[in-house]
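*Asks:* What follows is a structure written as structure tokens; I'll ask about it next.
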Amino acid sequence: MATVEKMPMLAEGYEKLHADLKRLKEERPQIVDAIEEARAHGDLSENAEYHAAKERQGQIEASIADIEDKLNRAQIIDPKDLSGDKIVFGATVTLLDEDDKPIRYQIVGQTEADAKTGRISYNSPLGRALIGRRVEDEVEVSVPAGDRYYLVNKIEFI
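With the first letter of the sequence shown counted as 1, position 121 gets the number 121 in the numbering used here; the numbers rise by one all the way through.
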């Protein structure tokens, strides 16, 4: 039997997924009503409203199943409970780029990642390169724009 891989995430990521699941489940009855209404219009083979509603229903059901799977596999991690001198999931890391410009990232789960807000997935190329590193370690990352080099300047658990 295959083992189920845990999915690390922060508490706020878990809560966001839970809210998305609730919203999708609340949308279910509206889709059923739309299907019934479209079915009442007659010939289903040329009924665009019926096909659109059925397609939306399929999307909602797939999203619900995906979110429920993620929630069931969730391993909630609170960065404040962590410590140490190595970069791990949940750590906030300050890097210096090639121009000694500081860049700050928090290592988060896949569902929480948003590079624009300084949150990168532990599965991203940079996230994978950072895990296990210490202050003063040099990190090389290959990205589509080319190789990038960083120096780990600070590790925080906030």
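The beta-carbon is built from N, C-alpha and C at its ideal position, and this holds for glycine as well. Since the model is a prediction, treat every value here as computed from it, not as a measurement.
Just confirm the distance between the C-beta atoms of residue 90 and residue 79, as a whole number of angstroms; I'd bet it's less than 8 angstroms.
*Replies:* In the sequence shown, the residue the question calls residue 90 occupies position 90. In the sequence shown, the residue the question calls residue 79 occupies position 79. Right, the Cβ-Cβ distance comes to about 4 angstroms (below 8 angstroms), so this counts as a contact.
*Asks:* What span of residues does the beta strand (DSSP E) with residue 144 cover, start to end?
*Replies:* Counted from its first residue, the sequence shown places residue 144 at position 144. From DSSP, residue 144 is part of no beta strand (DSSP E); its letter is neither H nor E.
*Asks:* Rounded to a whole number of angstroms, what is the C-alpha to C-alpha distance between residue 99 and residue 145?
*Replies:* Within the sequence shown, numbered from 1, the residue matching residue 99 stands at position 99. Within the sequence shown, numbered from 1, the residue matching residue 145 stands at position 145. Rounded to the nearest angstrom, the two C-alpha atoms are 16 angstroms apart.
*Asks:* I'd like to confirm the pairing. Which residues does DSSP put opposite residue 152 in its beta bridges?
*Replies:* As a first step, residue 152 must be located in the sequence shown, where it is residue number 152. Beta-bridge pairing links residue 152 to 95.
*Asks:* Looking at residue 150 and residue 96, is the spacing between their C-beta atoms short of 8 angstroms?
*Replies:* Residue 96 sits at position 96 when you count from the first residue of the sequence shown. Residue 150 sits at position 150 when you count from the first residue of the sequence shown. The answer is yes: Cβ separation under 8 angstroms.
*Asks:* Identify the continuous beta strand (DSSP E) that holds residue 74 and give its terminal residues.
*Replies:* Along the sequence shown, one-based indexing puts residue 74 at 74. Element bounds for residue 74: 74 to 76.
*Asks:* Which residue from 124, 130, 106 puts its Cα closest to that of residue 158?
*Replies:* Here residue 158 refers to the residue found at position 158 of the sequence shown. Nearest of 124, 130, 106 to residue 158, Cα basis: 106.
*Asks:* Flag this pair as yes or no: are the beta carbons of residue 9 and residue 156 separated by less than 8 angstroms?
*Replies:* In the sequence shown, the residue the question calls residue 9 occupies position 9. In the sequence shown, the residue the question calls residue 156 occupies position 156. The answer is no: Cβ separation not under 8 angstroms.
*Asks:* Give me the Cα-Cα distance between residue 63 and residue 22, rounded to the nearest whole angstrom.
*Replies:* Working through the sequence shown from its first residue, we reach residue 63 at position 63. Working through the sequence shown from its first residue, we reach residue 22 at position 22. The straight-line gap from Cα to Cα measures roughly 11 angstroms.
*Asks:* So, residue 6 versus residue 110, is the Cβ gap smaller than 8 angstroms?
*Replies:* In the sequence shown, residue 6 corresponds to position 6, counting from 1. In the sequence shown, residue 110 corresponds to position 110, counting from 1. No; because the gap between Cβ atoms is not below 8 angstroms, this pair is not in contact.
*Asks:* What first and last residue would you give for the beta strand (DSSP E) that runs through residue 31?
*Replies:* Looking up residue 31 in the sequence shown gives position 31. Counting along the chain, residue 31 falls outside any beta strand (DSSP E), though it belongs to the alpha helix (DSSP H) covering 11 to 39.
*Asks:* Bridge partners for residue 108 per DSSP, in chain order?
*Replies:* Numbered from its first residue, the sequence shown carries residue 108 at position 108. Residue 108 is bridged to 121.
*Asks:* Do you know offhand how far residue 132's Cα is from residue 26's?
*Replies:* By 1-based counting over the sequence shown, the position of residue 132 is 132. By 1-based counting over the sequence shown, the position of residue 26 is 26. Those two C-alpha atoms are separated by around 42 angstroms.
*Asks:* Would you mind working out which of 77, 73, 65, 126 sits nearest residue 94, comparing C-alpha positions?
*Replies:* In the sequence shown, counting from the first residue as 1, residue 94 sits at position 94. If we check each option's Cα against that of residue 94, 126 comes out closest.
*Asks:* Check whether the Cβ atoms of residue 128 and residue 86 sit closer than 8 angstroms, and answer yes or no.
*Replies:* Residue 128 sits at position 128 when you count from the first residue of the sequence shown. Residue 86 sits at position 86 when you count from the first residue of the sequence shown. Cβ atoms of residue 128 and residue 86: not closer than 8 angstroms.
*Asks:* Quick check: the Cα distance between residue 37 and residue 73, rounded to an integer number of angstroms?
*Replies:* Taking the first residue of the sequence shown as position 1, residue 37 is located at position 37. Taking the first residue of the sequence shown as position 1, residue 73 is located at position 73. Near 37 angstroms, if we compare the C-alpha coordinates of residue 73 and residue 37.
*Asks:* According to DSSP, is residue 114 part of a helix, a strand, or is it coil?
*Replies:* Within the sequence shown, residue 114 is the residue found at index 114, counting from 1. Correct three-state label for residue 114: strand.
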